[in-house]
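Visitor:
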RNA sequence: GGAGAGAUGGCAGAGCGGUCUAAUGCGGCGGUCUUGAAAACCGUUGACCCAAAAGGUCCGGGGGUUCGAAUCCCUCUCUCUCCGCCA
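Numbering (this note's numbering), first residue to last: 20 to 455.
#1: First and last residue of the alpha helix (DSSP H) that includes residue 281?
#2: Reducing DSSP to helix, strand and coil, say where residue 394 ends up.
#3: Could you have a look at residue 345 and say whether DSSP puts it in helix, strand or coil?
#4: Under 8 angstroms Cβ to Cβ from residue 155, same chain only, skipping five residues before and after it: list those, please.
#5: Spatial neighbours of residue 287 within its chain, please: C-beta separation below 6 angstroms, excluding the five flanking residues on both sides.
#6: Between the beta-carbon of residue 378 and the beta-carbon of residue 298, is there less than 8 angstroms?
#7: Please classify residue 176 as buried or exposed, where buried requires at least 16 other C-beta atoms within 10 Å of its C-beta.
#8: Closer than 7 angstroms to a non-hydrogen atom of the ligand ADP - does that hold for the CB of residue 215?
#9: Tell me whether residue 197 sits in a helix, a strand or coil according to DSSP, three-state version.
#10: Can you confirm whether the region 200–214 touches the region 230–248 when touching is taken to mean that 3 or more C-beta pairs between the two stretches lie within less than 8 angstroms?
#11: Only counting runs of 3 or more residues, tell me where the beta strand (DSSP E) segments fall wholly within the region 250–328, in order along the chain.
#12: Taking the alpha-carbon of residue 293 as reference, which of 311, 316 and 306 has the nearest alpha-carbon?
#13: I'd like to know if the region 175–191 and the region 243–254 are in contact, where contact means that at least 3 CB-CB pairs between them fall below 8 angstroms.
#14: Report buried or exposed for residue 439, applying the criterion of at least 16 other Cβ atoms within 10 angstroms of its Cβ.
#15: Check the C-beta distance from residue 40 over to residue 353 and give it rounded, since I have them as a contact under 8 angstroms.
#16: Which residue from 70, 428 and 397 puts its Cα closest to that of residue 244?
#17: From what residue to what residue does the beta strand (DSSP E) around residue 420 run?
#18: If you count every other CB in all the chains shown that lies within 10 Å of the CB of residue 89, and 16 or more means buried, which is it?
#19: Can you find the residues in the same chain that come closer than 8 angstroms, C-beta to C-beta, to residue 157, ignoring five residues on each side of it along the sequence?
#20: Sort 295, 270, 284 and 446 by Cα distance to residue 261 and report the nearest one.
#21: Which runs of the alpha helix (DSSP H) fall wholly inside the region 77–150 and span at least 4 residues, in chain order?
#22: Residue 283: which of 314, 266, 105 and 324 sits nearest, CA to CA?
#23: Between the Cα of residue 346 and the Cα atoms of 391, 219 and 413, which residue gives the shortest distance?
#24: When DSSP labels each residue in this structure, what does residue 216 get in the three-state scheme?
#25: List the DSSP bridge partners of residue 439.
#26: Could you tell me whether the region 446–453 touches the region 421–431, where touching means 3 or more Cβ pairs closer than 8 angstroms?
#27: Please report the Cβ distance between residue 221 and residue 414, rounded to the nearest whole angstrom; I am assuming they are in contact, meaning their Cβ atoms lie under 8 angstroms.
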């Protein structure tokens, strides 16, 4: 199994296990809200856990007597008692044989449990509504106003050709379909948006990072991409690296295996990166133009916070993204995702969609989530509380923002006879107000 | 890619087969003194499993030798130095 080397020395799953032990029925209810199919895993895991704990107690007892005897041997040898030494050695040899058997059992049982427990998704928060498909998501609020386009308005994939700013065909020649080649003002618009988003985020107290665009297996596991999304990431077998599907992955892993100072919380990070997604299984679905591509640019925000504050912070992040959309003068709506539509790692997620006028479609441009301790448990990101105990922090993240669909909407919604009229906030970044 | 050196607690750094339940220093925390602070002095201070006690685990990861491994051997990963290649 892929993750075995990394997992064996760890006890990450211990906190999840505690919840399972203490309240299995509640865990099952929660998983059902997330529309999770393998509820029976819960009972299997509890059974394995009980077995493991018995084996542990047994083997630790034996280990304790071996440790004691070994110390005794050292003392006897110093005293020069050869006979006593030999006798003790024999006794220890027998104990070791016993121990080896128990250890073998223990190892197998633990591996079995690990393989099962990493398949469990995060539990949804109690604020999450039941539901199976995107149709069950709830619109929290809408903002901005839909433009009135002339009858001859065209979708962004035609505008792109008209102004010669993105070349999909050549991108496909260079790499493959879904790898856009931005050109001229199209390329500059990308750069302007990235710069604007980063400035907007850092002004709100986020520290900017520029992370590696490939990660190792441990990092991909930490944020929950592995094992759940393995098939969605580009993988480099020669080095065992994954191309990042979002900068959330490298950036959240900055603090993996660390106990942060209480004063350092909240930790607020923003990062630009290209994002790479195989999008396996989504062929033919909303793939025209910039609607769905394999490589795209995104600016992300991540926070590591006190557990008690994470839901306030989630609202704060939603407001942050909402204001950003306001400044872009795009019509948007905010959805609260139902259990069935939430990601593996999330406890509560809000999606942002912008209205693409020429397509008459809502396009997702941001997803803001609270992961509670799901990621930090895997990554062991903790802080010392006032009693000196280590506690897991909560992690959250959101897009602020993903570019392609923003670009699609900017083009479609702002098309005019003289060209594309950009929102005022971008003029200085773009070095102009019109794409013509 | 080649050669060599290394990886120890928040940091620095000793230990190189048997009270290591890891020295020492710095940092942190508490206290004495002080109007307060600094300095000085005293004390304290790693993580993890187990409901807890008892106990156990952890000296980069994994494996081995041994009654006993931070210490010896193998292997992987990473870091540093030098050489090669190169933006």
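Glycine is no exception: its CB is placed at the ideal position from the N, C-alpha and C atoms.
Guide: Answer, in terms of the structure:
#1: Taking the first chain and counting its residues from 1, one reaches residue 281 at position 262. Per DSSP, residue 281 is not a residue of any alpha helix (DSSP H), being assigned neither H nor E.
#2: Taking the first residue of the first chain as 1, we reach residue 394 at position 375. Three-state result, residue 394: helix.
#3: As a working note, residue 345 is residue 326 in the first chain. Residue 345 falls in the helix class under three-state DSSP.
#4: The residue given as residue 155 occupies position 136 in the first chain. For residue 155, where only same-chain residues beyond five positions count, the Cβ hits under 8 angstroms are 148, 149, 357, 359 and 360.
#5: Here residue 287 refers to the residue found at position 268 of the first chain. Around residue 287: 224, 225 and 322.
#6: If you number the first chain from 1, residue 378 lands on position 359. If you number the first chain from 1, residue 298 lands on position 279. Contact: no.
#7: Here residue 176 refers to the residue found at position 157 when the first chain is read from its first residue. Burial check for residue 176: the Cβ neighbour count within 10 Å reaches 16 or more, so the residue is buried.
#8: As presented, the structure is devoid of all ligands, the ligand ADP included, so that no description of it is given.
#9: By one-based count along the first chain, residue 197 stands at place 178. Collapsing the DSSP output to three states places residue 197 in coil.
#10: They do not touch, by the three-pair rule.
#11: Taken in chain order, the whole beta strand (DSSP E) runs of length 3 or more contained in the region 250–328 are 260–262, 286–295 and 314–324.
#12: Numbered from 1 along the first chain, position 274 holds the residue referred to as residue 293. Looking at the Cα atoms, 316 is the closest of the given residues.
#13: Proximity of the region 175–191 to the region 243–254 falls short of the contact definition, fewer than three beta-carbon pairs being nearer than 8 angstroms.
#14: For the purposes of this step, residue 439 is identified with residue 420 of the first chain, where counting begins at 1. Its Cβ being crowded by 16 or more others within 10 Å, residue 439 is buried.
#15: If you number the first chain from 1, residue 40 lands on position 21. If you number the first chain from 1, residue 353 lands on position 334. Residue 40 to residue 353, Cβ: 37 angstroms. No contact.
#16: If you number the first chain from 1, residue 244 lands on position 225. Of 70, 428 and 397, the smallest CA-CA separation from residue 244 is found for 397.
#17: Within the first chain, numbered from 1, the residue matching residue 420 stands at position 401. For residue 420, the enclosing beta strand (DSSP E) begins and ends at 413–421.
#18: Position 70 of the first chain, counting from 1, holds the residue named residue 89. Exposed, because fewer than 16 other Cβ atoms sit within 10 Å of the Cβ of residue 89.
#19: On the first chain, position 138 is the one that residue 157 refers to. Excluding positions up to five away in sequence, the list reads 148, 354, 355 and 357.
#20: Here the question's residue 261 lines up with position 242 in the first chain. Nearest of 295, 270, 284 and 446 to residue 261, Cα basis: 295.
#21: Along the length of the region 77–150, whole alpha helix (DSSP H) runs at least 4 residues long occupy 101–136, reported in chain order.
#22: Counting from one through the first chain, the residue named residue 283 turns up at place 264. Here the closest residue by C-alpha is 324.
#23: Here the question's residue 346 lines up with position 327 in the first chain. Checking every option, the nearest Cα to that of residue 346 belongs to 219.
#24: Here residue 216 corresponds to residue number 197 of the first chain, with the count starting at 1. Assignment of residue 216 by DSSP, reduced to helix, strand and coil, places it in the helix class.
#25: Within the first chain, the letter at position 420 stands for residue 439. Per DSSP, the beta bridge partners of residue 439 are 434 and 454.
#26: With the rule of 3 Cβ pairs closer than 8 angstroms, the region 446–453 does not count as touching the region 421–431.
#27: Taking the first residue of the first chain as position 1, residue 221 is located at position 202. Taking the first residue of the first chain as position 1, residue 414 is located at position 395. Actually they do not touch by this definition, with Cβ atoms about 20 angstroms apart.
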